[in-house]
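In the working numbering, the protein residues as written are -7 to 249.
Glycine is no exception: its CB is placed at the ideal position from the N, C-alpha and C atoms.
The structure presented is a predicted model; accordingly, all values stated were derived computationally and were not measured.
What follows is one structure encoded as structure tokens, with my remarks underneath.
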Ligand SMILES: [Zn+2]
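Written out as structure tokens, the structure reads:
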């Protein structure tokens, strides 16, 4: 039993236990090229949250990881079989209920660990911050917690070299042989501003990619996945320590010294 994983702990252990920071991992259930499981983002979310919390816990930080929410925003994949969409407004309703519990019980700090590019918690945390002014609400897109260019050579953002490496490390039993994966070729927008990244429209996934992947997975290895996960976990563990100890009413300083 890992005492920092809510799904594994028990009332006996938790009753008197202090919780300084709640962590909510959030994934998605969606196709990942031909070769990765639908739960890829959930498996990644579980793993990064647990690995980070383990480091923080062993340093004395009273962190508690809530169960991963398995469904994310898949509004751009409505025609892809059994991609399960939660609308952003549904996510806001779920978050509101969870934050209400934490607020009522005096656990005033929440870190949402996002594991899916279609999820965007910033506007929701703005709105909930107004509704629950005593709460300190933080989100982090975990794959940005380490510099992917140091670990992976092929660019991509879905079922790519990075995600395939992570799954080869975490759940090799669920990864098809890489010969069965598509190339993850991405068609680019005809609109220059969107191509350059300073304008935005949601990608219509089935117009962008044949195999649902974006980024060629063929260079993936479990070693790369392990190294990337560990680098990200080290940073997120530091974030957990800082969030757990910071005084909410004194969380800004004149300099970073
Ligand atoms: Zn993914």
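Take the Cβ of residue i as the centre, count every other Cβ of all protein chains shown within 10 Å, and call the residue buried at 16 or more, exposed below.
{"i": "residue 51", "result": "exposed"}
{"i": "residue 3", "result": "exposed"}
{"i": "residue 79", "result": "exposed"}
{"i": "residue 169", "result": "exposed"}
{"i": "residue 127", "result": "buried"}
{"i": "residue 250", "result": "Residue 250 lies beyond the residue range present for the chain, which begins at -7 and ends at 249; the question has no answer from this structure."}
{"i": "residue 247", "result": "exposed"}
{"i": "residue 96", "result": "exposed"}
{"i": "residue 71", "result": "exposed"}
{"i": "residue 172", "result": "exposed"}
{"i": "residue 242", "result": "exposed"}
{"i": "residue 196", "result": "exposed"}
Grab me the residues of residue i's own chain with a C-beta within less than 7 Å of its C-beta, minus the 5 sequence neighbours each way, in chain order.
{"i": "residue 89", "result": "none"}
{"i": "residue 131", "result": "104, 106, 113, 114, 117"}
{"i": "residue 138", "result": "220, 223, 224, 227"}
{"i": "residue 25", "result": "151, 173, 174, 176, 203, 204, 205, 209"}
List the residues that DSSP assigns as beta-bridge partners of residue i.
{"i": "residue 128", "result": "101"}
{"i": "residue 106", "result": "18, 133"}
{"i": "residue 77", "result": "64"}
{"i": "residue 13", "result": "55"}
{"i": "residue 150", "result": "206"}
{"i": "residue -3", "result": "57"}
Consult DSSP for residue i and reduce its assignment to one of helix, strand or coil.
{"i": "residue 186", "result": "helix"}
{"i": "residue 27", "result": "coil"}
{"i": "residue 168", "result": "coil"}
{"i": "residue 56", "result": "strand"}
{"i": "residue 240", "result": "helix"}
{"i": "residue 86", "result": "helix"}
{"i": "residue 32", "result": "helix"}
{"i": "residue 121", "result": "helix"}
{"i": "residue 173", "result": "coil"}
Enumerate in chain order the residues of its own chain whose CB-to-CB distance from residue i is below 6 Å, with the five nearest sequence positions on each side excluded.
{"i": "residue 41", "result": "15, 17, 57, 105"}
{"i": "residue 198", "result": "71"}
{"i": "residue 156", "result": "209, 212"}
Counting only the same chain and skipping the five closest in sequence on each side, list residues whose C-beta sits under 8 Å from that of residue i.
{"i": "residue 240", "result": "100, 101, 126, 128"}
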